[in-house]
Amino acid sequence: DSGVTQTPKHLITATGQRVTLRCSPRSGDLSVYWYQQSLDQGLQFLIQYYNGEERAKGNILERFSAQQFPDLHSELNLSSLELGDSALYFCASSVNTAAGNTIYFGEGSWLTVV
Amino acid sequence: QQPVQSPQAVILREGEDAVINCSSSKALYSVHWYRQKHGEAPVFLMILLKGGEQKGHEKISASFNEKKQQSSLYLTASQLSYSGTYFCGTVGRGQNFVFGPGTRLSVLP
């Protein structure tokens, strides 16, 4: 158990819908990262937050947005969903920035768009 | 900006050794190595921070050549449990953490 909690674990929704994925980082971790992993693909970095502020942005679509709240939990919002958005979405956290710190991953949220 | 990994895939017999390489076109501050089993979360293996540093535990070790912006992961006397996809993750001056495309390792009995 990494200490990073993601909900829901599985989600099935229809195209055009909107979903929210939730992440609670490890206790004391200030950085939260979101990654998308499509079937048998690599880990695509979406976005990073550090202590409530956006720190880095990767290949995140405009239909996607995220935020980190004062209690450090984070949400990833996916809207106008398309079939191609079906993927495993990982949240990860680290104490500080990634440079010298271990990044711990949650178990992921499986999103299926039908 | 994504690091390059080689090989893309490797098949070994138990007890054989393997080397997985990771290289970047950008200057690197650190390199991380993770292993992922299918459908599971990536699991941390190690971080390398300094040029020329080599770290490891048991039969898995890694080196980092900061000048060449390269890192290598060494798996010796491989076990069935080593099977999975190995990702390197790099941190450059912009502090972005980016994973490589992964190397799929299969260890056969």
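Protein chains in written order, with this note's numbering: chain R, 57 to 170; chain A, 22 to 130.
From the three backbone atoms N, C-alpha and C, an ideal C-beta is built for every residue, glycine too.
Cβ-based neighbour list, residue i, same chain, cut-off 8 Å, excluding 5 preceding and 5 following
{"i": "R:Gly84", "result": "Val151"}
{"i": "R:Lys65", "result": "Glu163, Gly164, Ser165 and Trp166"}
{"i": "R:Arg111", "result": "Ser87, Gln104, Tyr105 and Thr153"}
{"i": "A:Ser127", "result": "Ala30, Val31, Ile32, Leu33 and Ser104"}
Cβ shell of residue i (< 6 Å), same chain only, five flanking positions each side left out
{"i": "A:Thr97", "result": "Asp38 and Lys80"}
{"i": "A:Phe85", "result": "Val52, Leu69, Glu74 and Ser92"}
{"i": "R:Arg78", "result": "Thr63 and Glu131"}
{"i": "A:Ser45", "result": "Pro24, Gln90 and Thr111"}
{"i": "A:Tyr95", "result": "Val40 and Ser82"}
{"i": "R:Phe120", "result": "Leu134"}
Length of the line joining the Cα atoms of residue i and residue j
{"i": "A:Val40", "j": "A:Gln90", "result": "16 Å"}
{"i": "A:Leu101", "j": "A:Phe65", "result": "18 Å"}
{"i": "R:Leu167", "j": "R:Asp141", "result": "8 Å"}
{"i": "R:Gly164", "j": "A:Ala83", "result": "27 Å"}
{"i": "A:Val31", "j": "A:Lys47", "result": "26 Å"}
{"i": "R:Leu137", "j": "A:Gln22", "result": "27 Å"}
{"i": "R:Thr153", "j": "R:Ser94", "result": "25 Å"}
{"i": "R:Gln123", "j": "R:Asp57", "result": "24 Å"}
Interface flag, residue i vs chain R, CB-CB below 8 Å
{"i": "A:Gly105", "result": "no"}
{"i": "A:Asn117", "result": "yes"}
{"i": "A:Ala39", "result": "no"}
{"i": "A:Ala48", "result": "no"}
{"i": "A:Pro122", "result": "yes"}
{"i": "A:Ala62", "result": "yes"}
{"i": "A:Ile81", "result": "no"}
is_contact[residue i, chain A] using C-beta, thresh 8 Å
{"i": "R:Ala112", "result": "yes"}
{"i": "R:Phe120", "result": "no"}
{"i": "R:Leu99", "result": "yes"}
{"i": "R:Phe161", "result": "yes"}
{"i": "R:Tyr89", "result": "yes"}
{"i": "R:Ser142", "result": "no"}
{"i": "R:Thr158", "result": "yes"}
Buried versus exposed, by CB contacts within 10 Å (16 or more), residue i
{"i": "R:Gly72", "result": "exposed"}
{"i": "R:Phe125", "result": "exposed"}
{"i": "R:Gln97", "result": "exposed"}
{"i": "A:Pro130", "result": "exposed"}
{"i": "A:Gly36", "result": "exposed"}
{"i": "A:Ser99", "result": "buried"}
{"i": "R:Ser80", "result": "buried"}
{"i": "A:Gly105", "result": "buried"}
{"i": "A:Leu49", "result": "buried"}
{"i": "R:Asn115", "result": "exposed"}
{"i": "A:Gly113", "result": "buried"}
Sequence-distant residues of its chain with Cβ nearer than 7 Å to residue i (five each side left out)
{"i": "R:Val170", "result": "Ile68 and Ala70"}
{"i": "A:Gln26", "result": "Ile41, Asn42, Cys43, Cys109, Gly121, Pro122, Gly123 and Thr124"}
{"i": "A:Pro28", "result": "Thr124"}
{"i": "R:Leu139", "result": "Thr71 and Val169"}
Any non-hydrogen atom of the ligand SAM within 7 Å of residue i CB
{"i": "R:Val169", "result": "By its list of ligands, the structure shown contains no ligand whatsoever, and the ligand SAM lies outside what it can speak to."}
Q) For the segment 103–116 of chain R against the segment 58–68 of chain A, are there 3 or more C-beta pairs whose distance is under 8 Å? A) no
Q | Segment contact, 8 Å Cβ cut-off, at least three pairs: the segment 75–92 of chain R with the segment 130–149 of chain R | A | yes
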